[in-house]
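The structure appears right after this line, and notes come after that.
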Amino acid sequence: MTTDTQERPATRNEGPDHGIDDLPPGRRAMPAGRVLVVLLLGILLWGLLYAPELRRSSEAQPDGIRRTVSLAILRPVVWVEDRLGFTGLIDNASSALGRHPNEAVGGGADVDPLPSVPPPSHPNGHPQRDTKLREPTTAKPLRVVVVGDSLAQGIGSFAERVFKPSLVDVIKQGRISTGLARPDYFNWPAQMRLIVDRSRPDLTIVMLGENDAQSLVTPEGQPVAQVGTGDFPPAYEQRVRSFARLATSEGGHVIWVGLPNPRDTRRWQFIERQNGAFQAVADQLPNVAFFDTWNTFAAPGGGYTAYYHDGKQLTLVRADDGVHFNADGYTILMRLVARFATQQFQLDPRTYEG
Amino acid sequence: MLFPTTDFAIFFCLVFLGHWWLNHNPRVWKPFMIAASYVFYGWWNWRYVFLLAAVSVITQVSAVAVDRQRQPKRRTLALALGVAATIAPLLYFKYYGFFTVNVTNAATTFGLHVAPPLIQVVLPVGVSFYTFMAIAYVVDIYRGDFEIASWVDLFLYLSFFPHLVAGPIVRPNELIPQLVVRRDPRHIDVAGAMWLILGGLFKKVVIANYLAGAIVDPVFGDPARHSSPEAIIGIVAYAVQIYCDFSGYTDIAIGVAKLLGFRFPQNFDRPYSARSIQEFWRRWHMTLSRWLRDYLYIPLGGSRKGTARTYVNLMITMLLGGLWHGAAWHFVVWGGLHGAYLAVGHWKDGKREAGQLAEPPDTTLVHWMQRLATFTLVCIAWTLFRADSVATALALLARTVTAWGLPSPLVTTPVLLAISAGLVTQFLPHRPAERLKVALSRLRPVPLGITVAVVLFLISTLGPRGVAPFIYFQF
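Chain order of the listed sequences is A and B. Per our numbering, numbering of the first sequence is gapless, rising by one per residue and ending at 354. Per our numbering, numbering of the second sequence is gapless, rising by one per residue and ending at 829.
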């Protein structure tokens, strides 16, 4: 803070002590019309140079007028640039600057590299179907992978804090704006296959579905089931089942963390159906358990509340957007999930705090 | 609307066109600029434009009520009521959840049952900034430093989009007089403006966003998983991140205002080159520092009421400054720590003036040691500011000394380069930058437009994907 020895201005409705037009010596000014040319030219040329990346981020947007308009403008631009060979040049320039044009979306620095773990030897050639997680040691810590969307990014960060580093390796794989509906944007089954093959997680914590209120498509973008039609629920549940099967295919365990109720009650019916699908799959498959986030964080009357009372203390747990959690909320959720893993799969309670 | 987005680029081109087209006719220009600013603000949530309008109405009604009172006691009472009315929306939106949780838990500790309504109050962006500008206006009217502005000018003063969401906190006498005069469309400092906008984007998109993902977020997320070098570099990286993030935003805001022919006050002046905490606060978030000085510290008595009272006033000012940043205890402790730093600095100054403490030698080496000590103290305080709780901050500070010998994979060459780039800007001489600005100003529109496009492409490509909000938006 500055001291009160400095004088505060004592002018009455006077402007600053120098005019707004004064320029440092040597610097030239420009009239507004020319400045507009600079602005338009700068933005248009940048748009052309950056069109491939803009198209990729537009494709990541949920269906809607914004996405449609953006792609209607950008696709022809990129098509022309492709034909002229500009896209290759721009992508090469991007690569030289450290950006890999085809790197997986929704990730970035929040996604951990996958550790490589040699395959275990299964008796009779098949993975065991026990319901108990192995005892971790400091020499062989438990591998816990957190997969999913932005909610999973949140619990992933706080899983690192809740699980003890000496006994648990947390591998964060949360990717914002992803889900099971749009494998053309991000292919979660393919990524889960890679995670299982390379890192063989003991426990996979899944939190997915927040971005899935859109029509289901194939990895090539072909329509499968329109959201809001009777085809959607069974097709969606099938995707959940396939994903859970993949995650447990090498004997790992899965806790599917259900979606919390959002502040926007118009979304409740859809999310309750999604939670129903997650629950149904957990009931059907071995080594898969469903954690009910909705009822855990709902108000006593069943409505939305941003606060959580554990019987002793009141805590504000939800973020301002009414969807995500804040730091306290993610910590509480992660502790509850860890305790749930102890109930379901005998996770050693020494592996986590609280 | 965020500055580094295509939405804003399109919005600004349209506003720029309308602004200079209508500039000659204030009766049309002012409503146009108010409408544009409200569109900018309503882009997040259209409901908040009613809050902005309500705060503007409360401010003007309060100021008129203060101005009409001639009797000093009644004038002071009107001021108190006016400031209370102006600040009430901020108190509700920013602190309701904080007080609900703390009052309920404190009551439970003492065996009492308190059940306030558990409402989630969403903090509208920018409310802390425009509320402070509103208070400055009412207090300046009370002091006789400023005359009542017209309703239209007051609405535009509070909503003017370049400063709306994260400052700078512009005083009434810095902006309202500029709204009254016509701007000259023939003389726009395009080179100065572009330098600020592109430099601000570079600091935000390339340096701040990169450091956040590469080291700051992981280290502050879970200190227990990181080595001492990672903890130290993570804390220093946050110091660079918050500087590049906030000063980057301010540079863009000042540059955007410049393109519209307006001057905003400087908000940062190489803060990490400061040789004392007092100097740091003269260089960091300067418009907040002077607001706290003029509208809180001086009214509390400043340094005019004795040594003990000066320390108390410094502590109150900095504790409230901390709470202004966020409704959480770690912000309060951050403010308290800076209050303590300032009190110690004040005590040392007093001792030196009384000849009881020797002046440090005036050598370059001593200057650099002072800079290093100041930067270290600032970084310790930043740890409290960035961590999600006091406990996490203390755990991270402890980690800086207890985890040597562990691998440090997050301390990479790009991280060290980004930190160095952020710190080097504090010490670069002004002249080469000014020469570049002169060279830019001599370019014709087409080469300048191409230069802008290429620099924008480099910034977009060098920065991480996605649009990260500015840190100060949450305040």
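Built from N, CA and C at the ideal position, the CB exists for glycine as well.
Minimum Cα-Cα distance from G174 (chain A) among the listed residues A:I155, A:Y308, A:L314 corresponds to A:I155.
Unbroken beta strand (DSSP E) stretches of 3 residues or longer found wholly inside the region 232 to 296 of chain A: 253 to 257, 288 to 291, given in chain order. Distance check between L142 (chain A) and each of A:G302, A:F158, A:D91, A:V117 places A:V117 closest, using alpha-carbon atoms only. Straight-line spacing of the CA atoms in G252 (chain A) and A139 (chain A) works out to 19 Å.
With respect to chain B, the C-beta atom of Y307 (chain A) has a partner C-beta closer than 8 Å. Chain order gives the chain A residues near T458 (chain B) as L314, where near means a beta carbon separation below 8 Å.
Its chain contains G106, D149, S150, Q153 as the residues whose beta carbon lies nearer than 7 Å to that of I176 (chain A), once the 5 sequence neighbours on both sides are disregarded; these appear in chain order. In this structure, Y236 (chain A) keeps its C-beta atom at 8 Å or more from the C-beta atom of A289 (chain A). Under DSSP, G174 (chain A) forms a beta bridge with A:G148. Boundaries of the beta strand (DSSP E) harbouring V206 (chain A): 203 to 207, taken from the DSSP string. For G588 (chain B), the closest Cβ of chain A is not nearer than 8 Å.
For V168 (chain A), the three-state secondary structure derived from DSSP is strand. In this structure, A566 (chain B) lies away from V769 (chain B), with their beta-carbon atoms at least 8 Å apart. Excluding the 5 residues flanking it on each side, R245 (chain A) has same chain C-beta neighbours closer than 8 Å at L285, in chain order.
Between H692 (chain B) and I631 (chain B), the gap from beta carbon to beta carbon is short of 8 Å.
Nearest to L40 (chain A) by C-alpha distance, out of B:V806, B:I523, B:P572, is B:V806.
For L49 (chain A), the nearest CB of chain B lies under 8 Å from its own CB, placing it at the interface with that chain. The beta-carbon distance between R55 (chain A) and Q61 (chain A), rounded to whole angstroms, is 11 Å. This is too long to meet the 8 Å contact definition.
Membership of V224 (chain A) in any alpha helix (DSSP H) is not indicated; the residue belongs instead to the beta strand (DSSP E) covering 223 to 225. Going by C-alpha positions, D623 (chain B) is about 7 Å away from W638 (chain B).
With a cutoff of 8 Å on beta-carbon distance, G546 (chain B) and D605 (chain B) are scored as not near each other.
For F781 (chain B), the three-state secondary structure derived from DSSP is coil. Counting along the chain, L316 (chain A) sits inside the beta strand (DSSP E) bounded by residues 314 to 316.
The region 260 to 277 of chain A and the region 200 to 217 of chain A touch, with three or more beta-carbon pairs separated by less than 8 Å. In the structure shown, H324 (chain A) falls within a coil segment according to DSSP collapsed to helix, strand and coil.
For the options B:I561, B:D571, B:G602, B:D499, the alpha carbon positioned closest to that of W549 (chain B) is the one of B:G602.
Between A439 (chain B) and V610 (chain B), the alpha-carbon positions lie close to 32 Å from each other. The beta carbon of Y352 (chain A) lies closer than 6 Å to those of V162, F163, A338 in the same chain, with the five residues before and after it left out. Among the CB atoms of chain B, one or more fall inside 8 Å of the CB of V38 (chain A). Contact note: M30 (chain A) reaches chain B through I542, V544, using a C-beta cutoff of 7 Å and chain order. Within chain B, no residue has its beta carbon less than 8 Å from that of E237 (chain A); the closest one is some 31 Å off. Annotation: the continuous beta strand (DSSP E) that includes Y308 (chain A) extends over 307 to 309.
When the beta-carbon positions are compared, M30 (chain A) and A159 (chain A) stay at least 8 Å from each other.
If you draw a straight line from the Cα of A442 (chain B) to the Cα of R644 (chain B), it is about 22 Å long. Beta-carbon to beta-carbon, L133 (chain A) and L203 (chain A) are separated by about 6 Å, close enough to satisfy the 8 Å threshold. A:Q191 is the residue among A:Q191, A:V281, A:G88 whose C-alpha sits nearest the C-alpha of L114 (chain A).
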